[in-house]
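Worksheet for the structure shown next.
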Amino acid sequence: MERKVEETLRACIQHWNAMASADEEDQEGAADHFQSSFYVWIEAVREWVQGMQSAPESLDAFMALPDVEEIMDLLPAPLHLNFETEAELILDDFIREEEDRYD
1 MERKVEETLR ACIQHWNAMA SADEEDQEGA ADHFQSSFYV WIEAVREWVQ
51 GMQSAPESLD AFMALPDVEE IMDLLPAPLH LNFETEAELI LDDFIREEED
101 RYD
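If you're matching positions, the sequence shown starts at 1 in full-length UniProt numbering and goes up one per residue.
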């Protein structure tokens with residue numbers, strides 16, 4: 001897996017875990033940190049895909065890449081659909097506007 005993708009994924013997972021274990025007082029801040037780290041990671045994935053010599057042409061082809069299978073193994077299950085949705089947007093070369101991101 002590309003280094004930047006792996007580093008940002010690990011940070012995203014750390015923020016996910018922090019959000020899951022945050023007490024009521026810290027939940028909002030933890031959720032904001034997670035959301036920010038998720039999109040930093042997605043941008044790293046976008047850069048990785050755009051840098052491929054031959055990028056996959058379909059979501060199925062992308063999801064079958066060994067590095068993506070590794071990502072799915074590391075990624076918490078509740079985030080799989082979010083990742084697949086973002087991956088499809090990356091393959092379609094669509095960039096979300098800030099206000100269109102998940103809340």
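Note that beta-carbon positions come from the ideal geometry of N, C-alpha and C, so glycine has one too. Everything numeric in this text was worked out from a predicted model, so none of it was measured.
Distances from the alpha-carbon of Phe34 to those of Trp41, Ser21 and His15 put His15 closest. Around the CB of Ile95, fewer than 16 other CB atoms lie within 10 Å, so the residue is classed as exposed.
Take the alpha-carbon of Ala87 and the one of Glu28: they are about 26 Å apart.
DSSP, read as helix, strand or coil, puts Asp26 in helix. If you compare the alpha carbons of Ala64, Ile42, Met19 and Glu70 with that of Leu89, the shortest gap goes to Ile42. According to the DSSP assignment, Phe62 belongs to the alpha helix (DSSP H) that extends over Leu59 to Met63.
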